[in-house]
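Numbering (our numbering), first residue to last: 0 to 154. Cβ coordinates follow ideal geometry from the N, Cα and C atoms, glycine included. Bear in mind the structure is a predicted one, so any value in this text is a computation, not a measurement.
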Amino acid sequence: MLFPAKHEYPLVVIFHFDRKRPPCGCAPRDLQAHGGLALQEFLYNPHMNSTVSNRPARLSLVSAIFTLFFFGVGFMPFLPLTALVCYPAALASAIVSLVSGLRGLRRPGGHWMAWTGISSGLLVILAVIFFSILTALFLPLLAQGMGEFWKAIRP
């Protein structure tokens, strides 16, 4: 046969020591044992990949890193008014992290990435809500204190 059929993949000859399991992405075709070394011919099949790609879990982990970054920058006291920008960004990325983590749990592999995204997303959502309520409660007291401060400075 001059040209292989569409379903046939190129032949790969690999030397390896494990005769029971072929390398990832290959299907065994022939086995000839030469002492401890095994010569196997494999048909390369790109669809046989042992590493499972769980994209929602990976997105959840990356989004969790951004969530923690935005929340940390928004929480820094020496950078004024960063909370106005960083808390909404942290909240948005936390929601993305939480939703994609829940979607990632339904697929095989990458569960630690999904759980990391879910836990950090949920914690940051709760923290942003807590600090927003805390700010709303203490804002009138802060305004009253600033008014008294200005009256004390300017007679």
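Minimum Cα-Cα distance from Thr134 among the listed residues Leu122, Trp111, Leu83 and Arg153 corresponds to Leu83.
Taking all protein chains in view, the Cβ of Gly146 is surrounded by fewer than 16 other Cβ atoms within 10 Å, so the residue is classified as exposed. Straight through space, the alpha carbons of Tyr86 and Ala93 are spaced by roughly 10 Å. If you check the CB distance, Ser96 and Ser52 do not come in under 7 Å. An exposed status is given to Pro139, since fewer than 16 other beta-carbon atoms sit within 10 Å of its beta-carbon. The region 111-129 makes contact with the region 55-73; the number of CB pairs closer than 8 Å reaches 3 or more. Assignment of Gly108 by DSSP, reduced to helix, strand and coil, places it in the coil class.
For Pro87, the enclosing alpha helix (DSSP H) begins and ends at Ala82 to Gly103. The three-state secondary structure of Leu78, taken from DSSP, is coil. DSSP places Arg153 outside both helix and strand once states are collapsed to three, so it counts as coil. Setting aside the 5 residues that flank it on each side, Ser99 is surrounded in the same chain by Pro55, Leu58 and Ser59, each with a C-beta closer than 6 Å to its C-beta; the list follows chain order.
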